[in-house]
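Take the sequence shown: its letter number 294 is residue 353 in my numbering, and every next letter is one higher.
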Amino acid sequence: MSPPRQLHLNLNFMNAGSYSSAWRRPESEATDFIDPAFLVRQAQLAERGTFDAVFLADNPALPDRPDLRPYQALEPTIVLAAMAAATTHIGLIATLSTTYNEPYNVARRFASLDHVSGGRSGWNIVTTAETGTARNFGLDEVLPHDQRYARAVEFADVVTALWDSWEPDALVGDKESGRFIDGSRIRPIKHRGRYFSVQGALNVPPSPQGRPVIVQAGGSGDGQELAARHADLVFSVAHSLDEARSFADGLRARLLRAGRAPADVVICPGMVTILGSTEAEAKRRERELWESVPIDYGLARLARTLNVDPGRLKLDEPLPADIPFPENHSQTFFKGTVTLAQRNGLTVRDLVKAQGGGGTQHRLAVGTPEQVADGIEAWFRSGAVDGFNIMPDVTASGLEIFVEEVVPLLRRRGIFREAYSGRTLRDHLGLPPPAVRHRRPVAATV
C-alpha cells in the first residue's frame with residue numbers, strides 16, 4: 060500500500076517580501092537583500108519548517124524602479140552555496156536563464172552546487188523576456204518567443220546530457236591499483252545543434268542525487284512542452300482552484316504524450332501569505348502594506364505585465380478590452396492577470412491591490428493561520444496541486460509566522476512532514492533517482 064500524498068512547500072525568497080513596501084516595516088532592514096547573514100537565517104528558518112526548498116529567482120539587470128524596493132542583486136548560486144554551508148536538508152533552487160548563459164557552465168555550476176550541498180540543488184529554467192536584460196548582453200531587443208524556447212529546449216537537452224555523461228560508478232578511486240577513474244564509463248556528448256556545439260563530457264562526477272532537480276516556471280504552451288520534456292518540479296500561477304486544475308490537467312496530458320507519468324512532476328503554484336491572529340488583523344496588515352506602495356509604481360508594474368502604455372490604464376475602470384496578447388513577453392503572468400481581473404470584475408485599482416501593489420502576480424492568501432491552512436489543504440486534497448511556493452508578505456516576520464503557526468496545523472492534519480525523511484532534494488519531492496540516459500541530446504537543424 061503506497062503512503063499517503065505529502066504536501067510540498069517551497070520558500071520563494073522575494074528578498075524583503077512580496078510587497079514592494081516590505082522593506083519599510085520596522086522588522087526589516089534596508090540592507091537585508093545583500094546581507095548574507097539575513098539570507099542564511101531565512102533558509103535556516105525554512106528548514107526548521109521542513110520546507111522542500113528555498114527558491115531564488117533572478118534577472119541580471121537593474122530593475123526599472125530601484126528607488127522604491129529591494130531586488131535580487133546577488134548572483135543566486137553563490138547565495139545558495141552560503142545557505143548550503145549553514146543548513147543540512149533544505150533544497151536549494153536558483154534561476155539561470157538559457158538565453159544569457161552557456162550549457163556547459165550551467166551544468167558544471169549546478170553539479171558543483173549539488174556536491175557542495177550533498178545533493179540538494181535545483182535549476183529553474185527560464186528564457187527571460189526583459190528588454191533591459193537583453194541590452195546587458197549585446198542585444199537591442201528580446202529574442203522572439205519561439206526562438207527563446209527552441210534555444211531553451213536544446214540548452215536543457217545539452218545540460219542533462221552533460222550530467223548523464225558519467226556513469227554512477229565511473230569514479231573508482233582504487234589506491235592499490237592506482238586507478239582513479241574508469242574512462243570507459245565517461246562519454247563525450249558530441250553535441251552539434253542549431254544553437255550549441257558542445258563536445259563534453261562534464262568534468263564533474265555525478266552528485267549524491269544523480270543530477271540536480273530541473274524546475275520550470277513558464278505557463279505558455281512552449282513552456283509546458285519544455286516542462287513535459289525535462290521538468291521534475293513546475294512553478295505555476297493560479298488565482299483559483301479551477302485555474303490550478305486546468306493547468307495541471309493540461310500539463311499532465313503533455314507528460315503522457317512525452318512518455319512520462321503525471322507523478323513524475325511536482326506542481327506548486329505561488330501563494331502570497333498575509334497572516335494575522337484574527338482575520339481583521341490580517342486585513343489591516345494587508346491594507347498597511349498596500350497603502351505604503353505608491354500607486355504610480357503599482358500601475359507601472361501592471362502596465363509592464365500587460366505590455367501596454369500606463370496611460371491606457373484608468374484606475375477606477377476595468378482593463379481595456381482590446382489589450383493585445385503579448386507574443387514576445389511573459390505570457391504566464393499576462394494570462395493570470397487578465398483572468399483575475401475579468402473573473403472578479405476588478406477595476407485597475409483593485410487589480411493593483413490584488414497584486415500586492417505591483418509586487419506579485421500570484422494569489423494572495425489573507426487571514427488567520429487556520430484560514431490559510433484550510434485553503435492549502437483544500438487545494439492539495441483536490442489533486443490540482445502538489446504544494447505551494449510560499450511568498451511571505453514581509454520576509455523578516457511573515458516567514459516565521461508561517462513556520463510557527465501554519466506548519467503545525469498542516470502537520471496535525473496529516474498532510475505535511477514532521478521531519479525530513481531523506482537528505483536530497485529528490486528525496487523531499489518524492490522523486491526517484493534519475494535514470495542515466497547516456498544519449499546525445501536531440502540536435503536541432505543547423
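Just so you know, even glycine gets a beta-carbon here, dropped at the ideal spot from N, CA and C. Quick caveat: nothing in here was measured; it's all calculated off a predicted structure.
* Does the separation of the CB atoms of residue 196 and residue 180 fall below 7 angstroms? -> The sequence position of residue 196 within the sequence shown is 137, counting from 1. The sequence position of residue 180 within the sequence shown is 121, counting from 1. Going by beta carbons, residue 196 and residue 180 fall outside the 7 angstroms limit.
* To do: Find out if the Cβ-Cβ distance for the pair residue 131, residue 117 is shorter than 7 angstroms.
  => For the purposes of this step, residue 131 is taken as residue 72 along the sequence shown, with counting starting at 1. For the purposes of this step, residue 117 is taken as residue 58 along the sequence shown, with counting starting at 1. In this structure, residue 131 lies near residue 117, with their beta-carbon atoms less than 7 angstroms apart.
* What residue ranges within the stretch 212 to 261 form continuous beta strand (DSSP E) runs of no fewer than 3 residues, ordered along the chain? -> Listed in chain order, they are 230 to 233, 238 to 240.
* To do: Any chance you could list the alpha helix (DSSP H) runs of at least 4 consecutive residues sitting entirely within the stretch 113 to 174, in chain order?
  => Fully enclosed alpha helix (DSSP H) runs of 4 or longer: 135 to 145.
* What whole-angstrom Cβ distance do residue 464 and residue 334 have, given they're in contact under 8 angstroms? -> Within the sequence shown, residue 464 is the residue found at index 405, counting from 1. Within the sequence shown, residue 334 is the residue found at index 275, counting from 1. Confirmed, about 7 angstroms.
* Asked: Given 8 angstroms as the limit, is there contact between the stretch 110 to 129 and the stretch 62 to 70, that is, 3 or more CB pairs closer than that?
  -> Yes: at least three Cβ pairs fall under 8 angstroms.
* Asked: When the Cα atoms are used, what is the spatial distance from residue 497 to residue 305?
  -> Residue numbering aside, residue 497 sits at position 438 when the sequence shown is read from its first letter. Residue numbering aside, residue 305 sits at position 246 when the sequence shown is read from its first letter. Unreliable placement is indicated for residue 497, whose pLDDT of 44 sits below 50; the coordinate value is still reported in the next sentence. Roughly 35 angstroms between the two C-alpha positions.
* **residue 500, DSSP secondary structure in three states** => Reading the sequence shown from its first residue, position 441 is the one you call residue 500. Reliability of the predicted coordinates at residue 500 is poor, the pLDDT of 42 falling under 50, and the value obtained from them is presented with this limitation in mind. Residue 500 falls in the coil class under three-state DSSP.
* Under the three-state reduction of DSSP, which class applies to residue 403: helix, strand or coil? -> Within the sequence shown, the letter at position 344 stands for residue 403. Reduced to three states, the DSSP call for residue 403 is helix.
* Cβ-based neighbour list, residue 211, same chain, cut-off 7 angstroms, excluding 5 preceding and 5 following -> Translated into the one-based positions of the sequence shown, residue 211 becomes position 152. Here residue 211 has 157, 184, 186, 285 as same chain residues with Cβ atoms under 7 angstroms from its own Cβ, once five neighbours each way along the sequence are excluded.
* Put residue 328 into one of helix, strand or coil per three-state DSSP. => On the sequence shown, position 269 is the one that residue 328 refers to. In the three-state reduction of the DSSP assignment, residue 328 falls in the strand class.
* How is residue 339 classed by DSSP in three states: helix, strand or coil? -> Taking the first residue of the sequence shown as position 1, residue 339 is located at position 280. If DSSP states are grouped into helix, strand and coil, residue 339 belongs with the helices.
* Are residue 278 and residue 391 touching if we call contact CB-CB under 7 angstroms? -> Here residue 278 refers to the residue found at position 219 when the sequence shown is read from its first residue. Here residue 391 refers to the residue found at position 332 when the sequence shown is read from its first residue. For residue 278 and residue 391, yes; Cβs fall inside 7 angstroms.
* With DSSP as the reference, label residue 382 as helix, strand or coil. => On the sequence shown, position 323 is the one that residue 382 refers to. Taken through DSSP and simplified to helix, strand or coil, residue 382 comes out as coil.
* Taking the alpha carbon of residue 127 as the point to measure from, which residue in 357, 165, 404, 466 has its own alpha carbon closest? -> Within the sequence shown, numbered from 1, the residue matching residue 127 stands at position 68. Comparing alpha carbon positions, the residue from 357, 165, 404, 466 closest to residue 127 is 357.
* Span of the alpha helix (DSSP H) around residue 354 -> In the sequence shown, residue 354 corresponds to position 295, counting from 1. Run containing residue 354: 354 to 365, per the alpha helix (DSSP H) assignment.
* Whole-Å CB distance - residue 268 paired with residue 492, under 8 angstroms assumed -> Along the sequence shown, read from residue 1 onward, the residue named residue 268 stands at position 209. Along the sequence shown, read from residue 1 onward, the residue named residue 492 stands at position 433. Going by Cβ atoms, the distance from residue 268 to residue 492 rounds to 7 angstroms, so yes, they are a contact pair.
* To do: Specify, as a first and last residue, the run of the alpha helix (DSSP H) that residue 67 falls within.
  => For this step, residue 67 is matched to residue 8 along the sequence shown. Careful: residue 67 lies outside any alpha helix (DSSP H), inside the beta strand (DSSP E) at 67 to 71.
* Asked: Would you call the stretch 294 to 314 and the stretch 204 to 224 in contact, with 3 or more CB pairs under 8 angstroms?
  -> With a cut-off of 8 angstroms, the stretch 204 to 224 and the stretch 294 to 314 do not count as touching, because too few Cβ pairs lie within range.
* Give, in chain order, every unbroken run of the beta strand (DSSP E) that is at least 3 residues long and sits entirely within the stretch 438 to 466. => Qualifying beta strand (DSSP E) stretches, in chain order: 446 to 451.
* Under 7 angstroms, do residue 266 and residue 174 count as touching if we go by C-beta distance? -> Locating residue 266 in the sequence shown gives position 207, where the first residue counts as 1. Locating residue 174 in the sequence shown gives position 115, where the first residue counts as 1. Yes; because the gap between Cβ atoms is below 7 angstroms, this pair is in contact.
* For residue 283, the first and last residue of its enclosing beta strand (DSSP E) -> The residue labelled residue 283 in the question sits at position 224 within the sequence shown. For residue 283, no beta strand (DSSP E) segment is defined; the enclosing uninterrupted segment is the alpha helix (DSSP H) at 280 to 289.
* Asked: Could you check where the alpha helix (DSSP H) with residue 295 kicks off and where it finishes?
  -> Translated into positions along the sequence shown, residue 295 becomes position 236. Segment 292 to 295 is the beta strand (DSSP E) holding residue 295; no alpha helix (DSSP H) there.
* To do: Consult DSSP for residue 505 and reduce its assignment to one of helix, strand or coil.
  => In the sequence shown, the residue the question calls residue 505 occupies position 446. Any answer about residue 505 is weak, because its pLDDT of 29 lies below 50 and its placement is not dependable; what the coordinates show is given next. Note: residue 505 maps to coil in three-state DSSP.
* **Selected residue, minimal CA-CA separation from residue 318, among 288, 249, 479, 442** => Walking along the sequence shown from the start, residue 318 turns up at place 259. By alpha-carbon distance to residue 318, the top candidate from 288, 249, 479, 442 is 288.
* residue 101, enclosing beta strand (DSSP E) - first and last residue -> Position 42 of the sequence shown, counting from 1, holds the residue named residue 101. In the DSSP assignment, residue 101 falls outside any beta strand (DSSP E) and within the unbroken alpha helix (DSSP H) covering 95 to 107.
* Asked: Under three-state DSSP, which class holds residue 206?
  -> Within the sequence shown, the letter at position 147 stands for residue 206. Residue 206: helix per DSSP, three-state reduction.
* Asked: How about residue 6 and residue 129: do their beta carbons lie closer than 7 angstroms?
  -> Outside the shown range of the chain, which is 60 to 505, sits residue 6, and nothing can be said about it.
* To do: Consult DSSP for residue 263 and reduce its assignment to one of helix, strand or coil.
  => As a working mapping, residue 263 is identified with position 204 in the sequence shown. Three-state DSSP puts residue 263 in coil, outside helix and strand.
* Return helix, strand or coil for residue 377, following the three-state DSSP convention. => Position 318 of the sequence shown, counted from the first residue, corresponds to residue 377. Residue 377: strand per DSSP, three-state reduction.
* Taking just the CA atoms, how far does residue 343 sit from residue 426? -> Against the sequence shown, residue 426 aligns to sequence position 367. Against the sequence shown, residue 343 aligns to sequence position 284. Each residue's Cα considered, the two are about 10 angstroms apart.
* Using the beta-carbon count (16 or more within 10 Å), is residue 232 buried or exposed? -> One-based indexing of the sequence shown puts residue 232 at position 173. Residue 232 should be labelled exposed.
* Asked: What does residue 275 pair with, by DSSP beta-bridge criteria?
  -> Residue 275 sits at position 216 when you count from the first residue of the sequence shown. Under DSSP, the beta-bridge partners assigned to residue 275 are 184, 293.
* Leaving out five residues before and five after residue 199 in sequence, what residues of the same chain have Cβ atoms less than 8 angstroms from its Cβ? -> In the sequence shown, the residue the question calls residue 199 occupies position 140. Contacts found: 193.
* **the stretch 247 to 262 / the stretch 399 to 406 touching (three or more Cβ pairs under 8 angstroms)** => As far as the Cβ criterion goes, the stretch 247 to 262 does not touch the stretch 399 to 406, which means the pair count is below three.
* To do: Determine the direct distance from the alpha carbon of residue 433 to that of residue 202, and round the result to whole angstroms.
  => Residue 202 sits at position 143 when you count from the first residue of the sequence shown. Residue 433 sits at position 374 when you count from the first residue of the sequence shown. Those two C-alpha atoms are separated by around 43 angstroms.
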